[in-house]
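All remarks here apply to the structure that follows.
Number of protein chains: 2
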Amino acid sequence: MHAFDILSDPVRRRTLELISQKEHASGEIVMVIQAEFGISQSAVSQHLRILRDAGFAKVRKEGAKRCYSIDPAGFEDVQTWLDQLRRYWGSKMESLATEVERGKRSLTAK
Amino acid sequence: MHAFDILSDPVRRRTLELISQKEHASGEIVMVIQAEFGISQSAVSQHLRILRDAGFAKVRKEGAKRCYSIDPAGFEDVQTWLDQLRRYWGSKMESLATEVERGKRSLTAK
DNA sequence: GTTATATATTAGCTAGGGCTAATATAATAT
DNA sequence: ATATTATATTAGCCCTAGCTAATATATAAC
Chain C
1 MHAFDILSDP VRRRTLELIS QKEHASGEIV MVIQAEFGIS QSAVSQHLRI LRDAGFAKVR
61 KEGAKRCYSI DPAGFEDVQT WLDQLRRYWG SKMESLATEV ERGKRSLTAK
Chain B
1 MHAFDILSDP VRRRTLELIS QKEHASGEIV MVIQAEFGIS QSAVSQHLRI LRDAGFAKVR
61 KEGAKRCYSI DPAGFEDVQT WLDQLRRYWG SKMESLATEV ERGKRSLTAK
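Protein chains in written order, with my numbering: chain C, 1 to 110; chain B, 1 to 110.
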C-alpha cells in the first residue's frame with residue numbers, strides 16, 4: 001500500500017493528528033474516532049494496524065494497553081515526492097517567497 | 001474528493017510528475033501513461049479531469065490540443081496538513097537539521 | 001460539407017478498501 | 001482459575017474508484 005493511500009483515508013488522517021500531538025492509548029483513539037466518525041473499535045484497530053505496517057505509527061506496550069505515537073518514517077516518501085515535484089515548477093513559481101516563509105515558520109513556530 | 005485522494009492514484013501521480021517538468025498535450029500524456037500502465041485514452045482523460053477539478057492541473061487550449069501544466073493550488077492543503085502535523089512531532093524530532101536542510105535544498109537546487 | 005485528428009463524456013462492469021459482527025488474544029484483578 | 005478489561009484478528013458484505021467500450025464534441029484539413 002502506497003504512502004499516499006495511507007493518507008487518503010479521513011479516519012487515518014484524524015488518527016495521525018491525534019498521535020502527532022501526544023502518545024495515545026488505542027482506547028483513547030477509539031473514543032475520539034467513534035465520536036467523530038461513528039465506526040467500531042474493530043474498524044479503528046484495523047486502521048491502526050495499517051498505520052503501523054506503513055511506518056506512520058509506533059506502538060509501545062504498557063500493560064494491556066497499546067500506546068501509539070507518530071512515526072516520522074512513513075512521511076519521508078510523501079515529502080520526498082512532493083519536494084521532487086516542486087523542484088521543477090518551483091523555479092517558475094510566482095511566489096518563491098511563500099516557500100521560504102513556510103520553511104521559516106515551520107522552524108520558529110512555538 | 002480530498003486532496004490526498006487525488007494523490008493516492010499512481011496514474012495521477014505519474015501524470016503530475018510529467019506536467020510538473022513541462023507543459024504537455026493530453027496526447028503526449030496518454031502515450032507515456034499507456035506505455036507504463038497499459039490503460040486507455042479514456043481512462044487517462046478521466047484522470048486529467050480529476051486533476052483539473054481538484055486544482056492540481058491547469059489546461060491551455062492550443063487548436064484541438066489541450067496542454068496541461070501543474071497547478072500549485074491543489075498542493076496547498078496537502079502541504080499545510082503535513083506542516084501542521086510536523087509542528088508537533090517536529091519539536092521532538094531527532095534531526096530538526098534535516099528539515100532545515102530540506103528547505104535550503106529546495107531553494108538552491110539547480 | 002466531409003474527413004481526420006485530438007480530446008472529453010457516459011454507461012456499465014469489477015476489484016478492492018473499509019465496514020460490521022463475531023471471535024481470539026493478552027494482561028490484570030479477584 | 002475465572003472474570004474483566006484492552007486490543008487485535010478474521011470472514012464476509014457493500015460501496016465506490018477506476019477501468020473499458022462506445023459515443024460525443026471540438027478543431028483543423030481537404
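Here a beta-carbon is modelled for each residue, glycine too, at the ideal position from N, C-alpha and C. The structure displayed is predicted, hence computed values, not measured ones.
**Request:** Could you check what DSSP says for residue 70/C in three-state terms: helix, strand or coil?
**Result:** Collapsing the DSSP output to three states places residue 70/C in a strand.
**Asked** Which whole-angstrom value is the C-beta distance of residue 18/B and residue 32/B, which I expect to be below 8 Å?
**Response** Your pair residue 18/B and residue 32/B checks out as a contact, with CB atoms roughly 6 Å apart and the cut at 8 Å.
**Asked** So does the stretch 13-28 of chain B actually touch the stretch 23-37 of chain C, counting three or more Cβ pairs closer than 8 Å?
**Response** The answer is no - the stretch 23-37 of chain C does not touch the stretch 13-28 of chain B, with fewer than three Cβ pairs under 8 Å.
**Asked** From the beta carbon of residue 46/C, is the nearest beta carbon of chain B less than 9 Å away?
**Response** Judged by the 9 Å Cβ criterion, residue 46/C is not in contact with chain B.
**Asked** If we cut at 9 Å on Cβ distances, does residue 70/C have a partner in chain B?
**Response** True, the Cβ-Cβ gap to chain B drops below 9 Å.
**Message:** Can you confirm whether residue 37/B, when its beta carbon is compared against all beta carbons of chain C, has any partner nearer than 9 Å?
**Reply:** Not one chain C Cβ lies under 9 Å of residue 37/B.
**Asked** Roughly how many angstroms separate the alpha carbons of residue 40/C and residue 61/C, rounded to a whole number?
**Response** One C-alpha to the other measures close to 22 Å.
**Prompt:** Whose C-beta lies closer than 8 Å to the C-beta of residue 20/B among residues of the same chain, with five residues either side of it excluded?
**Reply:** If you ignore the 5 residues before and after residue 20/B, its C-beta comes within less than 8 Å of the C-beta of 70, all in its own chain and listed in chain order.
**Prompt:** What separation, rounded to the nearest whole angstrom, lies between the Cα atoms of residue 88/C and residue 46/C?
**Reply:** Approximately 38 Å, taken between the alpha carbons.
**Request:** Under the assumption that residue 82/C contacts residue 85/B (Cβ atoms under 8 Å), give the Cβ distance between them as a whole number of angstroms.
**Result:** Contact flag wrong, Cβ pair sits at about 14 Å.
**Request:** Label residue 37/B either buried or exposed according to how many other C-beta atoms from any shown protein chain fall within 10 Å of its C-beta, with 16 as the threshold for buried.
**Result:** Residue 37/B comes out exposed.
**Asked** Which residue's Cα is closest to the Cα of residue 76/B: 55/B, 59/B and 11/B?
**Response** With distances taken between Cα atoms, residue 76/B lies closest to 55/B.
**Item:** Cα-Cα separation, residue 66/B to residue 51/C
**Value:** Rounded to the nearest whole angstrom, the CA to CA distance from residue 66/B to residue 51/C is 39 Å.
**Asked** Going along chain B, which residues have a C-beta under 7 Å from residue 40/C?
**Response** Under the 7 Å cutoff, chain B gives no residues; its nearest Cβ is about 22 Å from residue 40/C.
**Asked** residue 73/B: buried (16+ other C-beta within 10 angstroms of its C-beta) or exposed?
**Response** Answer is exposed; the Cβ neighbour count stays below 16.
**Request:** Report the rounded CA-to-CA distance for residue 57/C versus residue 68/C, giving the unit in angstroms.
**Result:** Put simply, the backbone Cα of residue 57/C is about 6 Å away from that of residue 68/C.
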